[in-house]
Amino acid sequence: MMRLELNLLIEGLHDFEKAKRLGSLSNEYCRESATIYLSQEDSSILGVSDGDIVEVSSKHGSVKVRARVRSDVRRGLAFMPPSPYSMALLGLDEHPSIIKVTVSKSSGEPTSLTTLFTS
């Protein structure tokens, strides 16, 4: 299985900000927060298409989220909105907006919010 190390930037993105205004437990919020934005080049290397499930891992945790492929993301970078999903990857010793992660193609569904809140 192909794994790729990327720099993950955690920042508010337009779609996520719109969903956040609708309520933090709405279906749209859950869908947008369980997302990682990848470059076309990196997604091609991983064999990932838009909407596929990927596992994102750091030294502090791992989550399954939906990949979104974008032409405006540079190779070697990935983006996630600030959410329980991205926070599960952070440690207290790391800068809160950029971390090293490993991304690999996965299957199933995104990690549930219940799992994140009870781990």
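Under the numbering used here, the first residue of the sequence shown carries the number 148, and numbering increases by one thereafter. Quick reminder that beta carbons are idealized off the backbone N, C-alpha and C, glycines included.
Item: Inter-residue Cα distance where the pair is Gln187 and Phe264; Value: 32 Å
Item: Close Cβ partners of Pro231 (< 8 Å) along its chain, the five nearest in sequence each way excluded; Value: Ser180, Leu260, Leu263 and Phe264
Item: Opening and closing residue of the alpha helix (DSSP H) in which Glu256 lies; Value: Note, Glu256: premise wrong, no alpha helix (DSSP H); not H, not E.
Item: Leu153 versus Met227, Gly255, Ala235 and Gly238, residue with shortest Cα-Cα distance; Value: Met227
Item: Cβ-based neighbour list, Arg150, same chain, cut-off 6 Å, excluding 5 preceding and 5 following; Value: Thr249 and Ser251
Item: Close-in-space but distant-in-sequence residues of the same chain around Thr258 (CB under 6 Å, 5 per side omitted); Value: Val210 and Lys211
Item: Own chain, CB closer than 6 Å to Ser233, minus 5 neighbours either side, in chain order; Value: Ile157 and Met227
Item: For Leu237, the three-state DSSP class (helix, strand or coil); Value: coil
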